[in-house]
Amino acid sequence: MLGLKSLVAVASAVVLFAQASAAATVPELGVSKRGVSNTANAVARRNAVKAALARRREERVKRAGRPTWGQRVTPAAAAAPAAAAPAAAAPAVANAAPVSAVASSGAFDSSVLTSGSATLAAANIRCGSAFTCAARTSPPANAAAVCLTGRCAFSCNTGYGPSSDGSSCVASAGFCGGNACVQPENGYTTCSADGSTCVPGCNTGYSGVTSSSGVFRCVNTNTDPTYCGSAGVVCPASYNGLGSPICSFGLCRLACPAGSFQRAAQSTTNPLYCYNGEGSLVQN
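Position 83 of the sequence shown, counting from 1, maps to 99 under the numbering used here, and the rest follow consecutively.
Right under this line is the structure:
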């Protein structure tokens with residue numbers, strides 16, 4: 017009987033041990049499963065990062081191979097057709113001594129330059145030589161296209177001068193109808209239509225005036241103190257005698273000595289004087 021009880025006790029102990037062992041292995045299995053899952057997630061994340069970096073490297077390579085905006089523009093400009101070469105210079109007018117076509121700025125006397133509407137249009141064209149002007153403008157008869165201070169102009173050929181309105185070039189005349197023509201300073205003379213009378217004219221920038229004695233003059237109303245602004249305007253002397261009258265841009269002024277400056281005087285005949293202190297207020 018005792019032996020049977022011992023056998024039962026041993027069997028119970030075995031069963032209890034088996035149950036305890038089974039209970040102990042379950043948590044370990046859960047920990048093992050969680051460890052495997054975490055490792056797989058970490059590997060997946062690393063693979064995703066590697067793939068993203070690889071894509072970024074590929075994009076950099078592609079961008080590096082693309083031409084920049086400047087690289088795209090430069091070949092296009094190089095492939096553009098070259099500008100057409102300027103046409104050959106126009107031939108010189110027959111029966112007139114042509115002006116040199118290669119002279120540069122400052123090579124011509126302003127007294128032979130025209131001033132008509134065609135000349136004003138030509139002045140809008142920039143140039144580096146007369147060849148450009150000859151190719152792009154049409155000078156009047158007996159004139160040639162020239163380049164002056166970087167702009168195109170028309171110069172009358174030798175033996176010709178600008179007409180009274182400056183639009184054309186007419187033959188200069190020393191004699192008309194057997195009479196000697198007086199060449200005015202800053203001007204020229206031509207013959208009347210019937211060739212019997214001398215007709216004076218003025219160069220560009222000058223105005224023609226005839227004195228009471230019948231003498232024809234070409235004056236610059238911007239700078240001439242005896243014709244300041246218009247004919248008949250004479251710049252008055254200084255109120256106190258200091259300085260000399262001048263004409264500046266068509267207005268009367270005074271050229272004052274060093275150390276003094278122009279002031280207005282209370283006078284209708286001599287409205288200006290040079291001031292250099294209280295003593296200069298007294299009229300000399």
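Heads up, the beta-carbon is just placed ideally off N, CA and C, and yes, glycines get one too. Please read all numbers here as calculations on a predicted model, not as lab measurements.
Short Cβ contact (8 angstroms threshold) for residue i with residue j
i, j, result
"Ser208", "Val215", "yes"
"Cys290", "Leu267", "no"
"Ser212", "Cys192", "yes"
"Ala159", "Thr206", "no"
"Leu288", "Ala280", "yes"
Beta bridge counterpart(s) of residue i as assigned by DSSP
i, result
"Ala196", "Phe191"
"Tyr291", "Phe277"
"Thr226", "Phe232"
Endpoints, alpha helix (DSSP H) assigned at residue i
i, result
"Leu136", "133-138"
"Cys207", "Unbroken run through Cys207 is the beta strand (DSSP E), 203-207; no alpha helix (DSSP H)."
"Ala253", "Element bounds for Ala253: n/a, residue is neither H nor E."
Residue i versus residue j - alpha carbon distance
i, j, result
"Asn219", "Ala274", "35 angstroms"
"Asp240", "Gly166", "29 angstroms"
"Ser276", "Val235", "30 angstroms"
"Ala157", "Val250", "39 angstroms"
"Arg76", "Leu69", "11 angstroms"
"Ala253", "Thr174", "43 angstroms"
"Cys149", "Gly190", "31 angstroms"
"Gly217", "Ser229", "18 angstroms"
"Gln282", "Thr226", "33 angstroms"
"Asn286", "Pro261", "10 angstroms"
"Thr284", "Asp210", "49 angstroms"
For residue i, the first and last residue of its enclosing beta strand (DSSP E)
i, result
"Cys168", "167-172"
"Phe277", "277-280"
"Cys302", "As displayed, the chain neither begins before 17 nor continues past 300, which places residue 302 out of reach and without an answer."
"Cys163", "159-164"
When the options are compared against residue i, the one with the closest alpha-carbon
i, options, result
"Val186", "Cys192, Asn202, Gly177, Thr135", "Gly177"
"Ser183", "Asn140, Cys272, Ala196, Ser154", "Ser154"
"Cys163", "Asp181, Asn173, Ala139, Val231", "Ala139"
"Ala146", "Ala189, Ser171, Leu270", "Ser171"
"Glu263", "Gly245, Gly257, Ala280, Asn256", "Just to set this straight, residue 263 is Cys in the shown sequence, not Glu. Nearest C-alpha to Cys263: Gly245."
"Ser133", "Ala169, Ala58, Gly144", "Ala169"
"Ala161", "Ser179, Asp181, Leu136", "Leu136"
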